[in-house]
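Structure first, then comments.
Protein chains: 2
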Amino acid sequence: MDRRQQKTRAAIFSAFSTLLADKSYSKITVQEIIDTANVGRTTFYAHFETKDALLKTLCEELFGHIIGSAMDCTHTHGLYSDKSAPESVFCHLLQHLQENDNNILGLLSCESSDLFLRYFKDSLNELIRTQFINQNRTTNPDIPQDFLINHISGSFVEMVLWWIKGHMKQTPEELDRYFRSVIEPVL
Amino acid sequence: MDRRQQKTRAAIFSAFSTLLADKSYSKITVQEIIDTANVGRTTFYAHFETKDALLKTLCEELFGHIIGSAMDCTHTHGLYSDKSAPESVFCHLLQHLQENDNNILGLLSCESSDLFLRYFKDSLNELIRTQFINQNRTTNPDIPQDFLINHISGSFVEMVLWWIKGHMKQTPEELDRYFRSVIEPVL
DNA sequence: TTAATAACGAACAAATTGTTCTCTTTTATT
DNA sequence: AATAAAAGAGAACAATTTGTTCGTTATTAA
């Protein structure tokens, strides 16, 4: 890809992230993104059709990366490494979040975090669903598997929201313990 | 209150709900609300400062009502009527939702459902928190109560999202059973 | 009946959006 | 180093949208 395109793209993403740290997605205008990124109006529209398209692309890059790494993790270890293991995929994910790659935390702490967490949850659902299918788990037959999968990914997302809201006082390991203590009993 | 004010207010709320059934909140313009409600531009702004203020007021009216009724329910019965009771507050809430007062379901099924469910969750959190305080529950001391409260209300909201997404195939009683089977083990 | 008040409608400036030009700069390639 | 292709800049644009300010008309409560 042309070096100019890369630079422009990076500038727009960076500007967008910066703005998101300050104000909610809905209040950010294309004009502001253009000004902050310091690119021409035409250039922006050459790269992204709308502000929504920009958001979508950003989410795809971000969560594609983080979930991809978790996928690798589960392929070798399963949802948990083993029954007594301190290292679950969830812990792995939380650590990834805390490392703050690509300022993902900035996005998840911003006013529009819901937005990102929905994308996150969709990816998580996939991750957990494949785990269930691979492991042929024997769950309570009275409870639909689909419900359980949604419960797990949903609870995880809600936990992350709670974590962020409380300024991330807990370590990923602590959170993982909390999470397992409310999830494992239902599996 | 002046009869004219009531009518205007109702017309705006109704127009807003109608529009929300068709398109996402962010894509609705004040102009459309004005046109649909068939009120003057000045009149709209005399009632609500912005579109956001309108949304907030609508949410307050809606969830104030539904949670208020659940509050009454828990004051007499507690979070569950008794250990083996088929009637939990959650069931009560779900039934309320299904009855579709004020077209609340229309709002919760719309593209902006997240928006409403956040309001819903905040109210729920209050409801559950007061329950915990009143009952002096003896929960696992290693897990913060705050985490548990968030887990419960969060899971409930995620379940409702799941329910709506799947076109509400289940009855409130079924859902209540699912929910209790994943929540009671952790209490 | 009357005084208060709510709604209406037109017009307004300012900001935003997405597009279409032309012109300049930067690439990759030969 | 020369060149053709691609990308960006910048100005101008019509169309919407927003929130406000008028003066006027209708409705309400007393």
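Going line by line, the protein sequences match chains X and C. Following our numbering, the numbering of the first sequence begins with 1 at its first residue and continues without gaps. Following our numbering, the numbering of the second sequence begins with 1 at its first residue and continues without gaps. Heads up, the beta-carbon is just placed ideally off N, CA and C, and yes, glycines get one too.
By the Cβ neighbour-count rule, M159 of chain C is buried, with 16 or more other Cβ atoms within 10 Å of its own. L20 of chain X is positioned such that its CB atom lies no closer than 7 angstroms to that of C91 of chain X. Between L148 of chain X and A70 of chain X, the C-beta spacing is not below 7 angstroms.
Look at the region 161 to 187 of chain C: the residues with a C-beta under 7 angstroms from a C-beta of chain X are W162, Y178, S181, V182, P185, V186.
For F16 of chain C, no CB of chain X lies under 7 angstroms from its own CB, so it is not counted at the interface with that chain. Excluding five sequence positions before and after I66 of chain X, the CB atoms of its chain that fall closer than 6 angstroms to its own CB belong to H96, given in chain order. With contacts defined by Cβ atoms closer than 7 angstroms, T76 of chain X and Q131 of chain X do not form a contacting pair.
Taking each of C:K56, C:C59, C:Q6, C:E60 in turn and checking the Cα distance to A37 of chain C, the smallest one comes out for C:Q6. DSSP, read as helix, strand or coil, puts S88 of chain C in strand. With a minimum length of 4 residues, the unbroken runs of alpha helix (DSSP H) contained wholly in the region 100 to 177 of chain C fall at 104 to 109, 113 to 135, 145 to 165.
Taking a cut-off of 8 angstroms on C-beta distances, the region 107 to 123 of chain C touches the region 8 to 28 of chain C, as three or more cross pairs fall below it. In this structure, X:A15 is the residue among X:A15, X:V39, X:V89 with its C-alpha nearest to the C-alpha of L58 of chain X. Under the 7 angstroms criterion on CB atoms, E158 of chain X is classed as interfacial with respect to chain C.
By the rule that beta-carbons nearer than 7 angstroms mark a contact, I12 of chain C does not touch chain X. In this structure, the alpha-carbon of E184 of chain X lies about 15 angstroms from that of G154 of chain X. Linking I34 of chain C to K169 of chain X through their CA atoms gives a straight-line distance of about 46 angstroms. S17 of chain C: member of the alpha helix (DSSP H) spanning 3 to 22, first to last residue. Between T43 of chain X and T29 of chain X, the alpha-carbon positions lie close to 15 angstroms from each other.
In this chain, the alpha helix (DSSP H) harbouring Y45 of chain X covers 41 to 47. With respect to S17 of chain X, N103 of chain X sits close: the two C-beta atoms are nearer than 7 angstroms. Against chain X, the beta carbon of D114 of chain C has neighbours under 7 angstroms at D114, R118, listed in chain order. Each residue's CA atom was taken as its position, placing L105 of chain X and Q98 of chain X some 7 angstroms apart. Under a 10 Å Cβ-count criterion, Y178 of chain X is classified as buried, with 16 or more other Cβ atoms of the shown protein chains found around its own Cβ.
For P172 of chain C, the CB contacts under 8 angstroms within the same chain, skipping 5 residues up- and downstream, are C91, L94, Q95, L97, Q98 in chain order. At a C-beta separation below 8 angstroms, S26 of chain C has these neighbours in chain X: S26. The shortest CA-to-CA distance from N100 of chain X to any of X:L62, X:L117, X:D122 is the one to X:L62.
Around S155 of chain X, the beta-carbon contacts reaching into chain C at under 9 angstroms are H151, G154, S155, E158, V182. Per the coordinates, the alpha-carbon of I143 of chain X lies some 28 angstroms from the alpha-carbon of Y119 of chain C. When the beta-carbon positions are compared, V39 of chain C and A10 of chain C stay at least 7 angstroms from each other. Taking the Cα of D146 of chain C as reference, the smallest distance to any Cα among X:K165, X:D2, X:P141 is reached at X:K165.
Taking 7 angstroms as the threshold, the shortest C-beta distance from F147 of chain X to chain C falls below it. In terms of CA proximity to V186 of chain X, X:I152 leads the group X:H167, X:V157, X:I152, X:F156. With respect to chain C, the C-beta atom of I143 of chain X has a partner C-beta closer than 7 angstroms. With a 10 Å radius around the Cβ and a threshold of 16 neighbouring Cβ atoms, N150 of chain X comes out buried.
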